[in-house]
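**Student:** First residue of the sequence shown? That's 437 in the numbering used here, and the numbers climb one at a time after it. Beta carbons are placed, not taken as given, at the ideal position from N, Cα and C, and that holds for glycine. Given the structure is predicted, the values throughout are model-derived calculations rather than measurements. Let me begin by handing over the structure; questions about it come next.
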Amino acid sequence: MFFTTVFHKKQFANLPEKLGDPFSYLPSDAVLDAFKDFLSILDSDDVLKPELQKGKMIGVLVVKNMAGETGYLLSFSGQLFGKNEYPGFVPPVFDILTPDSYYKCGELEISAMGREIKDLESVLRLEAAMVNENAIVKECESRLAEYQEFAKQQKSLRDSMRSSATPEDIRRMNNESSTQKNQIKRLKQEVEAAKMAANIPVDRLKKQIEDLKSEREKKSRDLQRRIFRDFRFHNTKGDEKTLLDIFSDEVMPPSGAGECAAPRLLEYAYRNDFQPISMAEFWIGKSPSGRVRHSGTYYHACRSKCLPIMNFMLDGVELETNKLDFDYENEEIKTLYRDDDILVISKPSGLLSVRGKECQTSVETWVEGICRDYSGPKIVHRLDQDTSGIMVIALNLNAYHNLQKQFETHSIQKKYVAVTEKIPSAKEQTIILPLAPDVTNRPMQMISKEFGLYAETYYKVVDEKDGKALIDVYPRTGRTHQIRMHLSSEEGANAPILGDRLYGSKSMVCRLMLHAEKITFVHPSTNKEMTFIDKAPFDLDTVVNDN
Numbered sequence: 437m438f439f440t441t442v443f444h445k446k447q448f449a450n451l452p453e454k455l456g457d458p459f460s461y462l463p464s465d466a467v468l469d470a471f472k473d474f475l476s477i478l479d480s481d482d483v484l485k486p487e488l489q490k491g492k493m494i495g496v497l498v499v500k501n502m503a504g505e506t507g508y509l510l511s512f513s514g515q516l517f518g519k520n521e522y523p524g525f526v527p528p529v530f531d532i533l534t535p536d537s538y539y540k541c542g543e544l545e546i547s548a549m550g551r552e553i554k555d556l557e558s559v560l561r562l563e564a565a566m567v568n569e570n571a572i573v574k575e576c577e578s579r580l581a582e583y584q585e586f587a588k589q590q591k592s593l594r595d596s597m598r599s600s601a602t603p604e605d606i607r608r609m610n611n612e613s614s615t616q617k618n619q620i621k622r623l624k625q626e627v628e629a630a631k632m633a634a635n636i637p638v639d640r641l642k643k644q645i646e647d648l649k650s651e652r653e654k655k656s657r658d659l660q661r662r663i664f665r666d667f668r669f670h671n672t673k674g675d676e677k678t679l680l681d682i683f684s685d686e687v688m689p690p691s692g693a694g695e696c697a698a699p700r701l702l703e704y705a706y707r708n709d710f711q712p713i714s715m716a717e718f719w720i721g722k723s724p725s726g727r728v729r730h731s732g733t734y735y736h737a738c739r740s741k742c743l744p745i746m747n748f749m750l751d752g753v754e755l756e757t758n759k760l761d762f763d764y765e766n767e768e769i770k771t772l773y774r775d776d777d778i779l780v781i782s783k784p785s786g787l788l789s790v791r792g793k794e795c796q797t798s799v800e801t802w803v804e805g806i807c808r809d810y811s812g813p814k815i816v817h818r819l820d821q822d823t824s825g826i827m828v829i830a831l832n833l834n835a836y837h838n839l840q841k842q843f844e845t846h847s848i849q850k851k852y853v854a855v856t857e858k859i860p861s862a863k864e865q866t867i868i869l870p871l872a873p874d875v876t877n878r879p880m881q882m883i884s885k886e887f888g889l890y891a892e893t894y895y896k897v898v899d900e901k902d903g904k905a906l907i908d909v910y911p912r913t914g915r916t917h918q919i920r921m922h923l924s925s926e927e928g929a930n931a932p933i934l935g936d937r938l939y940g941s942k943s944m945v946c947r948l949m950l951h952a953e954k955i956t957f958v959h960p961s962t963n964k965e966m967t968f969i970d971k972a973p974f975d976l977d978t979v980v981n982d983n
């Protein structure tokens, strides 16, 4: 047996003063200690361990009970062994899988309707095929074909006689042609009428299937709404809201909302008088298909499902300020080159390339402030917020369109420098993996052969030390998070960049160790090739020594 209780007592050397923001935290020493404790117990559990190795997000919440005792709570996202509950983990906010639940009854009814639709569609295909074999239809089509052939021969005969025909002959031939055209029209109408009669059973089946699909959709929607009303969440103020309240009646919550690890932990803590102290979510086991997850690594809460819920549950709670948030007042944007057409800068790590919804401070706003005399500076390309290095800005529309075309045709050459958390799977490699947005967990990307855009990256290991590697990276396309995804993915280099909070770095370094070091392009006015170099503000020795 893994655990027999939900609250796992444990003393901690250091406890943080504030709870971390679930969407941009660094795990505290206490929550890391609790996770290690969990892993040590898991290691001897021959039942749970292989199940988790299939891939599962585990939530850990360090808490204090009413008696002042410290310990931690555990949760998992989704299900374990096909169930919502498992000994040692907090229960679900609402369990839809109890044997007598209305969800199971509703699901059985909806599944039965699905099977009925499938059966009717099989009958429909058979009936549709039989229309073409209908004897009356075939007879009408045969008469039409025979008469069309007869009319064709008659037309050829008339055409051969027209040169020597008298006016009376021409009138006769025209009348004959008109009569034959009318007869063809009538025969076509007979064919259509025969098909319509033969299609009556098909049309009835189509209507029956459409009605069933509409009814199934309504039942499914009603069932979802009932479930979402039974998912009830609380906050420290004592407020209660259902999922429908949180997402608003106009917006249906996404599937699986409320079943993630973090909301489960907080809801159990609130309902059972535990004080939340520190929380983190860790991935265990295999990475899900197309996504990058590294076992034993912490990840931030997903935004699409959890952001509205956590905003309500943490309302009134003072959260720890993200230690990695960009302090723009203490950072400098270096100007590497400037003329009347272009501005080349070095962007510091942590600064947005363009203004965002929640943060206006960016390269875009900085450039607008210093280039007021120009006809509108334009951001031609972007670097990730956490990536530092060279950016090229157009200072007029002509330069913008010229540079934009160079980026679109991939004629611009770029070189990045990165330090990876472990040695890549190959010393030198070209990675081709199509990338698409992970719509359930923005801003993360995913590998998708079906929906992804072509993405190609070449890298070469330059140096190695203490299990880490310094690599040169040459992206041949410019997709969002391309380098980070290609290096981190098991299908790519399988070596996350040090400090990559999105794609699996376990390190607590102060920044993402990725820098755009070199760029070569053609000047939009002079047509001369230009190369700019901005050395990375980190090196392998310093990074290794600091960690």
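Below 8 Å on the Cβ atoms is my contact criterion, and I expect Pro-813 with Leu-779 to pass it. Report the Cβ-Cβ distance as a whole number of Å.
**Tutor:** 7 Å
**Student:** Below 8 Å on the Cβ atoms is my guess for Ile-645 versus Glu-557; work out the distance and round it to an integer in Å.
**Tutor:** 6 Å
**Student:** By alpha-carbon positions, which one of Ile-769, His-817, Arg-774, Tyr-773 ends up nearest to Thr-797?
**Tutor:** Ile-769
**Student:** Taking all protein chains shown into account, decide if Glu-453 is buried (16 or more other Cβ within 10 angstroms of its Cβ) or exposed.
**Tutor:** Result: exposed.
**Student:** Hey, how far is the Cα of Lys-904 from the Cα of Tyr-852?
**Tutor:** 17 Å
**Student:** Just verifying my parser: in three-state terms, what is the DSSP assignment at Phe-710?
**Tutor:** coil
**Student:** Which same chain residues, not among the five before or five after Tyr-764, have their C-beta less than 7 Å away from its C-beta?
**Tutor:** Low confidence applies to Tyr-764: its pLDDT is 48, below 50, so where it sits in the model is not reliable, and the reading given next is rough at best. Leu-787, Thr-797, listed in sequence order.
**Student:** Touching or not, the stretch 518 to 537 and the stretch 692 to 708, by the rule of three or more beta carbon pairs under 8 Å?
**Tutor:** The stretch 518 to 537, when compared against the stretch 692 to 708, does touch it at the 8 Å Cβ threshold.
**Student:** Mind checking whether Lys-942 and Glu-857 have CB atoms under 8 Å apart?
**Tutor:** In this structure, Lys-942 lies near Glu-857, with their beta-carbon atoms less than 8 Å apart.
**Student:** With a floor of 3 residues, list each beta strand (DSSP E) that falls wholly inside the stretch 834 to 871, ordered by position along the chain.
**Tutor:** 849 to 856, 864 to 868
**Student:** What does DSSP give as the partner residue(s) for Leu-779 in the beta ladder?
**Tutor:** Per DSSP, Arg-774, Ile-829.
**Student:** How should Tyr-538 be labelled, buried or exposed, when 16 other C-beta atoms within 10 angstroms of its C-beta is the threshold for buried?
**Tutor:** By the beta-carbon neighbour count (other beta carbons within 10 angstroms, threshold 16), Tyr-538 is exposed.
**Student:** Can you tell me whether Phe-718 is helix, strand or coil according to DSSP?
**Tutor:** strand
**Student:** Tell me whether Met-437 sits in a helix, a strand or coil according to DSSP, three-state version.
**Tutor:** For Met-437, the pLDDT reaches just 47, beneath the cut-off of 50, and the residue's location in the model is therefore unreliable, leaving the point undetermined.
**Student:** Note the first and the last residue of the continuous beta strand (DSSP E) segment covering Arg-608.
**Tutor:** Per DSSP, Arg-608 lies in no beta strand (DSSP E); the unbroken alpha helix (DSSP H) holding it starts and ends at 603 to 666.
**Student:** Using a Cβ-Cβ cutoff of less than 8 Å, which residues in the same chain neighbour Thr-440 once the five nearest sequence positions on both sides are dropped?
**Tutor:** The answer, listed in chain order, is Pro-523, Gly-524.
**Student:** Give me, in chain order, the residues of the same chain whose beta-carbon lies closer than 7 Å to that of Lys-445; leave out the 5 immediate sequence neighbours on both sides.
**Tutor:** Cβ within range, chain order: Glu-505, Gly-507.
**Student:** Whose CA, out of Lys-654, Pro-873, Pro-458, Ala-862, lies closest to the CA of Val-898?
**Tutor:** Selection Lys-654, Pro-873, Pro-458, Ala-862 evaluated against Val-898 yields Ala-862 as nearest (Cα-Cα).
**Student:** DSSP beta-bridge partners for Tyr-894?
**Tutor:** According to DSSP, Tyr-894 bridges with Thr-866, Tyr-910.
**Student:** Could you pull the DSSP bridge partners for Val-496 from this structure?
**Tutor:** According to DSSP, Val-496 bridges with Leu-510, Ala-716.
**Student:** Between which two residues does the beta strand (DSSP E) holding Gln-881 run?
**Tutor:** 881 to 883
**Student:** Helix, strand or coil: which one does DSSP assign to Leu-788?
**Tutor:** strand
**Student:** Between Gln-842 and Val-499, is the Cβ-Cβ spacing less than 8 Å?
**Tutor:** No, these two residues do not count as a Cβ contact at 8 Å.
**Student:** Leaving aside the five residues before and after Glu-563 along the sequence, list all residues of the same chain whose C-beta is less than 7 Å from its C-beta, in chain order.
**Tutor:** Contacts found: Pro-637, Val-638, Leu-641.
**Student:** In whole angstroms, what is the alpha-carbon distance linking Lys-885 and Ser-824?
**Tutor:** If you take the alpha carbons of Lys-885 and Ser-824, they lie about 30 Å apart.
**Student:** By Cβ distance below 7 Å, which residues in the same chain neighbour Arg-700 in space, the five residues on each side in sequence not counted?
**Tutor:** Gly-495, Ser-511, Val-526, Pro-528, Val-529
**Student:** State the DSSP-derived secondary structure class of Glu-804, mapped to helix, strand or coil.
**Tutor:** The answer is helix: DSSP assigns Glu-804 an H, G or I state.
**Student:** According to DSSP, what are the bridge partners of Tyr-939?
**Tutor:** Partner(s): none; Tyr-939 has no beta bridge.
**Student:** Under 8 Å, with one C-beta from each stretch per pair, do the stretch 749 to 756 and the stretch 447 to 466 reach the 3-pair mark?
**Tutor:** yes
**Student:** Just to confirm, is the Cβ distance from Leu-976 to Leu-906 under 8 Å?
**Tutor:** yes
**Student:** Tell me where the beta strand (DSSP E) around Glu-953 begins and ends.
**Tutor:** Segment 950 to 958, the beta strand (DSSP E) holding Glu-953.
**Student:** With respect to the alpha helix (DSSP H) encompassing Ile-933, which residues constitute its N-terminal and C-terminal limits?
**Tutor:** Counting along the chain, Ile-933 falls outside any alpha helix (DSSP H), and DSSP gives it neither H nor E.
**Student:** Under the DSSP definition of a beta bridge, which residues are partnered with Met-746?
**Tutor:** BP columns for Met-746 are empty, so no partner.
**Student:** Going by DSSP in three states, Leu-533 sits in which element: helix, strand or coil?
**Tutor:** coil
**Student:** Using the Cα positions of Pro-724 and Glu-804, report the straight-line distance between them to the nearest angstrom.
**Tutor:** 42 Å
**Student:** Evaluate the contact criterion for the stretch 677 to 691 versus the stretch 739 to 749: three or more CB pairs, one atom per stretch, below 8 Å.
**Tutor:** yes
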